[in-house]
Every structure is written in C-alpha cells, then in structure tokens.
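Chemist: Just dropping this structure here.
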Amino acid sequence: MEKDFLKEFIQQATQENEAIIAHEKRKKHFQELGRKGGLKTKENKKLDKVISIRMTNSEYKILIEKQKKYPLKLSTYIRNVLLEKELKINEFKTDEVLLQFGNHFKKITNLLRNREWNVFENKKEILVKIENLIELIQQYLYSKIQKNE
164 MEKDFLKEFI
174 QQATQENEAI
184 IAHEKRKKHF
194 QELGRKGGLK
204 TKENKKLDKV
214 ISIRMTNSEY
224 KILIEKQKKY
234 PLKLSTYIRN
244 VLLEKELKIN
254 EFKTDEVLLQ
264 FGNHFKKITN
274 LLRNREWNVF
284 ENKKEILVKI
294 ENLIELIQQY
304 LYSKIQKNE
C-alpha cells in the first residue's frame, strides 16, 4: 500500500516538474523568436552626428520662413532638404486628399443603396463606377506603401 502511494506521489511530482520545465522551454522559445506576426519593427536610426553651421540673420530668416510651410522641426527640414527628401513631404497631403475622396465615395454609395434613391435609372452604373474608382484609389495608395517599404 505504501509502495503504491509512494510510486503515485513520485509519478505525480515528476509530471508536475516536467510540465513546469516544458512551460519554461516554451516561454524561452517564444522569447527567442520574438513577436510573431504584426507590423515590422521600424529601424531606429539614431542621429548621433552633429553639424553646426554659421549663417547671417537674413539667411536664417529665409530658412525659417521656408520651414514654416511644413510641419517639421528646423533640423528635420534642413536634413530633408540636404538629402533631397523635401518633395516627399507634400506627398502625404495628396494621400490624405485621396483617402478623404475614397471615404466620401463610400458614403455616396451607401446613400445610393437606400430605397429613397430608386429614382435614378442608371443607379447601378453609378455604383459600379464609384466602386471602380474606390478600388483604383486603394490600389494606388497600397502601391505607394509597397514602394516605400
């Protein structure tokens, strides 16, 4: 009787210990793998080099006036101009406009699907054209995202 109890106790203890070890291995495995799925982590480009320049007050005022057109810090603006990235700043404005157009077109299609708008004879044609336009906007924006990656 005691031997059976002792054997069962030892088996139960070893099973619990194996479960704990397996859990720790699993935890370490996923820690090593890192996060599965999700967005790609952005590379943190550390800005560690400093360049100082001297300029006149008039040059500085001109630079400040040009920088105020964009929602950027002065150092970011200078870096973008120096690396010829200034043109990419205005791209996001066109993207925002396209996104707004896409949202408005979706609202229009939802309105046309209501029963009140059965007056139009070519309602289906309008819906098809709007859906094609929305699809073209999405394809353009996704292609831009893929080019940037």
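Straight run, no breaks: the sequence shown in the numbering used here ends on number 312.
Ideal Cβ positions, reconstructed from N, Cα and C, are used throughout, including at glycine.
Whole-angstrom Cβ separation of Lys269 and Ile289, contact assumed at under 8 Å?
Modeler: Not quite, the Cβ-Cβ distance comes to about 14 Å (not below 8 Å), so this is no contact.
Chemist: Going by Cα to Cα distance, which pick from Ile271, Leu261, Asn273 is closest to Gln301?
Modeler: For the options Ile271, Leu261, Asn273, the alpha carbon positioned closest to that of Gln301 is the one of Leu261.
Chemist: Do Leu274 and Lys286 have their C-beta atoms within less than 8 Å of each other?
Modeler: no
Chemist: Please report how far the alpha carbon of Gln175 lies from the alpha carbon of Lys166, in whole angstroms.
Modeler: 14 Å
Chemist: Can you give me the C-alpha to C-alpha distance between Tyr139 and Ala185, rounded to a whole angstrom?
Modeler: It is not possible to answer for residue 139, since the shown part of the chain is limited to 164 through 312.
Chemist: Kindly say whether Lys208, judged by its beta-carbon, lies nearer than 8 Å to any beta-carbon of chain E.
Modeler: Chain labels in this structure do not include chain E; a single protein chain is all it has.
Chemist: List the endpoints of the continuous alpha helix (DSSP H) containing Lys232.
Modeler: Careful: Lys232 lies outside any alpha helix (DSSP H) and carries neither H nor E.
Chemist: Is the CB-CB distance between Tyr223 and Gln230 below 8 Å?
Modeler: Not in contact: Tyr223 and Gln230 (Cβ atoms no closer than 8 Å).
Chemist: At the level of alpha carbons, what is the spacing between Thr177 and Lys208?
Modeler: 49 Å
Chemist: So, for Ile216: in the same chain, excluding its five sequence neighbours on each side, which residues have a beta-carbon less than 6 Å away from its beta-carbon?
Modeler: none
Chemist: What's the gap between the Cα of Leu202 and the Cα of Glu259?
Modeler: Any reading at Leu202 needs caution, since the residue's pLDDT is 49, under 50, leaving its predicted position unreliable; the model's value is listed next. Leu202 and Glu259: Cα-Cα distance of roughly 22 Å.
Chemist: Helix, strand or coil for Asn277? Go by DSSP, reduced to three states.
Modeler: Three-state DSSP puts Asn277 in coil, outside helix and strand.
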